[in-house]
Amino acid sequence: EAFKPSGQERSGWGHRNGKGSKVGNNGGSKISKKIDFPGHLSLPLSDGRTCQYLLTGVIIHVGNSATSGHYTSFVKPPGGAGSKKGWYYMDDSHVEMVEERTVLKQRNAYVLFYTRDKVKSEFTQSPLRE
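In the numbering used here, the protein residues as written are 12 to 141.
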């Protein structure tokens, strides 16, 4: 299934009076369906311009349940699309350099972080002056 930046939740947990309450039809079970996500997003702005986003971080959940497990991450240091700096896999005190293709094939991605690359500040037509 392809990643769609819509803001809609697939399932989760809500909290009421400090107690977890079931939200959605999966309860506390973990969704194990692979979601493909891009390393680059191009999203339209309301004025017709396009905004570019680069994937810069992924949090991974390792475990069989939505209520327990371990978190690891992949992070890309600042530097833009042409940067020679690669990705890093981090698991507690263990850190290693990895290829972007390793990041993009992760099955247990929990949170994706995208950083805006740039927005052209030109107007689609000249502003009117009086």
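Beta carbons: idealized from backbone N, C-alpha and C, even for Gly.
- Contact between residue 126 and residue 102 is ruled out by a C-beta separation of about 22 Å, above the 8 Å threshold.
- Spatial neighbours of residue 117 in its own chain (CB-CB distance under 8 Å, excluding positions within 5 residues in sequence) are listed in chain order as 69, 71 and 85.
- Secondary structure at residue 66: strand, using DSSP grouped into helix, strand and coil.
- Taking residue 64 as the centre and dropping the five residues before and after it, the same chain places the C-beta of 52, 125 and 127 closer than 6 Å to its C-beta, in chain order.
- Burial is judged here by how many other beta carbons sit within 10 angstroms of a residue's own beta carbon; residue 109 has fewer than 16 and is exposed.
- Counting along the chain, no beta strand (DSSP E) covers residue 115; the unbroken alpha helix (DSSP H) around it starts and ends at 111 to 115.
- Closest option to residue 49, judged by alpha-carbon separation, among 112, 55 and 119: 112.
- The three-state reading of DSSP puts residue 49 in coil, since its state is none of H, G, I, E or B.
- In this structure, DSSP gives residue 74 an extended state, which the three-state scheme calls strand.
- If you draw a straight line from the Cα of residue 54 to the Cα of residue 96, it is about 25 Å long.
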